[in-house]
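Heads up: the sequence lines are chains A and B, in that order.
Numbering-wise (the UniProt record's numbering), the first sequence opens with residue 1 and increments by one.
Numbering-wise (the UniProt record's numbering), the second sequence opens with residue 1 and increments by one.
Glycine included, C-beta positions come from ideal geometry on N, C-alpha and C.
2 protein chains.
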Amino acid sequence: MDEAKHHVVVVGAGFGGLELTRALAGAPVRITMIDKRNHHLFQPLLYQVATTSLATSEIAWPIRHLLRKRKDVTTLLGNVTGVDRAGKRVLLEDGSSVAYDTLVLATGARHAYFGHDEWEPFAPGLKTLEDATTIRRRILLAFEEGERETDPAKRQALLTLVIVGGGPTGVELAGTIVELAHDTLRGEFRNIDTRQARVVLIEAGDRILANFAPELSAYAQKALERLGVTVELGRPVTHLDAEGVVFGDTHLPARTILWAAGVAASPAAEWLGATADRAARVLVEPDLTVPGSPEIFVIGDTAHLLRPDGKPVPGVAPAAKQQGKHVAATIKARLAGDTAPRPFRYRHDGDLATIGKRAAAIDFGWIKLTGWLAWWLWGIAHIYFLIDFRNRLAVTLSWLWIYFTGQRSARLITQGDGGKG
Amino acid sequence: MDEAKHHVVVVGAGFGGLELTRALAGAPVRITMIDKRNHHLFQPLLYQVATTSLATSEIAWPIRHLLRKRKDVTTLLGNVTGVDRAGKRVLLEDGSSVAYDTLVLATGARHAYFGHDEWEPFAPGLKTLEDATTIRRRILLAFEEGERETDPAKRQALLTLVIVGGGPTGVELAGTIVELAHDTLRGEFRNIDTRQARVVLIEAGDRILANFAPELSAYAQKALERLGVTVELGRPVTHLDAEGVVFGDTHLPARTILWAAGVAASPAAEWLGATADRAARVLVEPDLTVPGSPEIFVIGDTAHLLRPDGKPVPGVAPAAKQQGKHVAATIKARLAGDTAPRPFRYRHDGDLATIGKRAAAIDFGWIKLTGWLAWWLWGIAHIYFLIDFRNRLAVTLSWLWIYFTGQRSARLITQGDGGKG
């Protein structure tokens, strides 16, 4: 590789980082892609791994395989610990560092407990493959322990599964878990009836899917309740532990609690010593650069940018992709001598959420869809967006199998917590 | 379930335990199946998970799903810690116990280091899904670290992968790993040439596949060497650690060492206070009962039984299945009033091993097969033996994909050691 070429270092091979790298194809640059994982994760389908519908390898691909044809890209597995803005170097955990001409931080977000980190052991969130296999293990173990438990109260607590947070992830988890319990596992136990399992979705606000149009929130709630989910609105969770969860004046004994209530950005702001919002997102300039460092861009869930209407750009895959494309264009323009700032404008394509395997809610703004048609549209869209052809095929087969047999393919409990398997 | 019925407790849902349960269908008994995992594992293909060819869920199925139609069977996830022979109870880790009329122990084997347990952290073996994902992680990390490593000696150590033990597992691991390095990963790295990776198979004896006919051992060795594997014979490993392995007077620097050199039985002998052989296998009567306890059977890798020719019954899936069937027949005969001892006779069907994705060695005794024909036969046989139709389909697709593209579907490094992912 031509060492003399302008060196773009990209940290994070999520939707934003990959889109940026794609859009830089053919540009007079050399690229180093650094990620602490060896795989790109298709997060929109992560909840399906957590609920035994898909295998881990169906929604994750080796980054260097995705970029294998790009001889201008070097992929490194490494843990970034800081950025030397003056020396223009990215610092890695192993003590080495990588020099850059342009730096793009696309390091995403983790789930957050807003001052209640002590809740994490009892209520795992869903951001990584390990999170998904941990949740999968907890859900399946609850039923296994229920089958052995003789005390009725303890058994009911084992068969009560709580999801905290009524956003798309919470809704999708609740809908799939209730199907898993009432449909997939039915008839396989001798001492419990899995249809007695309670799935409770707790949302602090006054409706689920708050970003969607109100009628879609109402539809999604009805659809969940039809599946057997109990939806609790308007009372935030004030305490949770191994025994259960407290919201308002209700104490609900539950041995399985899942966290879908909030995220915080990666430590990029700390690395840069930059100003961040409450969720640790870097406050970027309209052109997505870091104030004072025009050669450093922050995109995706790690960036905080307001839209003309004053609302923040949402932390969704399309926003990250649009920002990746935009920054790539900015880099190319600069190399061509055009250094004028290029403000980013977010185009909102719409919001989607599935409710079980029969219904979905889609809000394109100009049109709103619900029911089985929306579900199929959602499915086709997601299969289309799956990067790798073979995974499209594998996921399509897995889904058709589940759709027609109700059986799920990845019902594995592997030992130890923290996401083995 | 009719509590009055004769209660058969089966510990272990491997090939032996499942075959026994199947063969007891319709018998006047109720069955409790206890396993410490929730899944049956198709161990003959475990090396393909370790080498990124198959996903974990393609070779493992929930036990209670396999037995869902058997209303006479209760499946329990539980860890057996002992057997009360006088009180006829199986003791579980959680303090509870299960009474039995007839007990069948089919608890299998673990890999063993023969007095060198300190080697385990440096040379993981391959018996569980976690073992497989640990090995997968180590292999992939070696190349990732090699891409970052600048010291030539350290880099060579990272690109040297050692397999200890020249049995079928060692041969299959070596052949697949060398293909992974030289074929699958080729062209995806910028600082290393994965074709420079060295794969070394170390066997203490004078030939690999010692149970096979000598000409097949010679064929397998040539086939491995053609793929690029270095085969070292006649010198046992005397030391190994994080830096490498010592055999004879050779010290080979290697950062990835895999253990395929031996197994020891589960602690069943301890639970029973029964006599065991060097590998901890229970010395059973000709009818597979435990001396002094005709109501307790031990089958599969946990049992030690000599054949008429003085050779022990091998620890392979067909032997475990035959013993499961035999014990089921004995139980039925007893319930019908025929209590005469029924000695077990092992029928040897043959030995198989694959070498990479183009060759295999099959020894049926009366006929010996090698080359691509043997490979296809092996593949068809294994797909046939896969229990669940959907997995047959999934595995077939995965294999055809690998066969024609050289690409593997499960190249995931997940965090933490001990088999996450």
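Cut-off 6 Å between Cβ atoms - residues of its own chain near residue i, not counting five sequence neighbours on either side
| i | result |
| --- | --- |
| residue 296(B) | 103, 290 |
| residue 27(B) | 332 |
| residue 30(A) | 1, 5, 7, 72 |
| residue 305(B) | 284, 313 |
| residue 138(A) | 256 |
| residue 364(B) | 350 |
| residue 339(B) | none |
| residue 360(A) | 354, 374, 375, 378 |
| residue 274(B) | 282, 290 |
| residue 394(B) | 58 |
| residue 17(B) | 10, 106 |
Below-8 Å beta-carbon distance, residue i vs any chain A residue
| i | result |
| --- | --- |
| residue 228(B) | no |
| residue 324(B) | no |
| residue 140(B) | yes |
| residue 148(B) | yes |
| residue 176(B) | no |
| residue 68(B) | yes |
| residue 12(B) | no |
| residue 6(B) | no |
Chain B residues whose Cβ lies nearer than 7 Å to that of residue i
| i | result |
| --- | --- |
| residue 144(A) | 38, 77 |
| residue 62(A) | 411 |
Per-residue contacts from residue i into chain B (C-beta, under 8 Å)
| i | result |
| --- | --- |
| residue 422(A) | Since the first residue shown for chain A is 1 and the last is 421, residue 422(A) is missing from the structure and cannot be characterised. |
| residue 65(A) | 188, 407, 411 |
Close beta carbons around residue i, own chain, < 7 Å, minus the five adjacent residues each side
| i | result |
| --- | --- |
| residue 307(B) | 313, 346 |
| residue 407(A) | 184, 401 |
| residue 44(B) | 317, 382 |
| residue 108(A) | 12, 14, 266, 300, 301, 302 |
| residue 243(B) | 253 |
| residue 366(B) | none |
Candidates the options, of which the one nearest residue i by Cα
| i | options | result |
| --- | --- | --- |
| residue 130(B) | 82(B), 79(B), 51(B), 202(B) | 51(B) |
| residue 186(B) | 413(B), 412(B), 405(B) | 405(B) |
| residue 319(B) | 153(B), 350(B), 270(B) | 350(B) |
| residue 373(A) | 353(A), 366(A), 386(A) | 353(A) |
| residue 255(A) | 124(A), 282(A), 206(A), 79(A) | 124(A) |
| residue 84(B) | 271(B), 141(B), 126(B), 368(B) | 271(B) |
| residue 217(A) | 171(A), 229(A), 191(A) | 171(A) |
| residue 250(A) | 279(A), 42(A), 36(A), 200(A) | 200(A) |
| residue 166(B) | 142(B), 122(B), 234(B) | 234(B) |
| residue 49(B) | 136(B), 301(B), 394(B) | 136(B) |
| residue 204(A) | 80(A), 68(A), 179(A), 236(A) | 236(A) |
| residue 391(B) | 391(A), 259(A), 398(A) | 398(A) |
| residue 66(B) | 47(B), 275(B), 79(B), 33(B) | 33(B) |
| residue 202(B) | 111(B), 357(B), 224(B) | 224(B) |
| residue 322(A) | 3(A), 19(A), 9(A) | 19(A) |
| residue 276(B) | 294(B), 261(B), 287(B), 298(B) | 298(B) |
| residue 38(A) | 161(B), 221(B), 144(B) | 144(B) |
| residue 97(B) | 328(A), 148(A), 3(A) | 148(A) |
Proximity test, Cβ basis, 8 Å: residue i and chain B
| i | result |
| --- | --- |
| residue 420(A) | Because residue 420(A) carries a pLDDT of 33, less than 50, the predicted location of this residue cannot be relied on, and no value is offered for it. |
Per-residue contacts from residue i into chain A (C-beta, under 7 Å)
| i | result |
| --- | --- |
| residue 57(B) | 55, 409, 410, 412 |
| residue 74(B) | 190 |
Same chain, Cβ closer than 8 Å to residue i, five either side skipped, listed in chain order
| i | result |
| --- | --- |
| residue 41(A) | 14, 59, 60, 128, 129 |
Neighbour flag for residue i against chain E, beta carbons, 8 Å
| i | result |
| --- | --- |
| residue 284(B) | Absent here is chain E; the protein component of the structure consists of chains A and B. |
Beta strand (DSSP E) runs wholly inside the stretch 145-214 of chain B, at least 3 long, in chain order: For the stretch 145-214 of chain B, whole beta strand (DSSP E) runs of length 3 or above, ordered along the chain, are 160-164, 198-203.
Beta strand (DSSP E) segments (min. 3 residues) lying fully within the stretch 36-60 of chain B: Runs of beta strand (DSSP E) with 3 or more residues, each lying fully within the stretch 36-60 of chain B, are found at 39-41, listed in chain order.
Contained alpha helix (DSSP H) runs [length at least 4] in the stretch 350-393 of chain B, N- to C-terminal order: Runs of the alpha helix (DSSP H) inside the stretch 350-393 of chain B: 371-385.
Ranges of the beta strand (DSSP E) found wholly within the stretch 254-338 of chain A, counting only runs of at least 3: Runs of the beta strand (DSSP E) inside the stretch 254-338 of chain A: 256-259, 263-265, 293-298.
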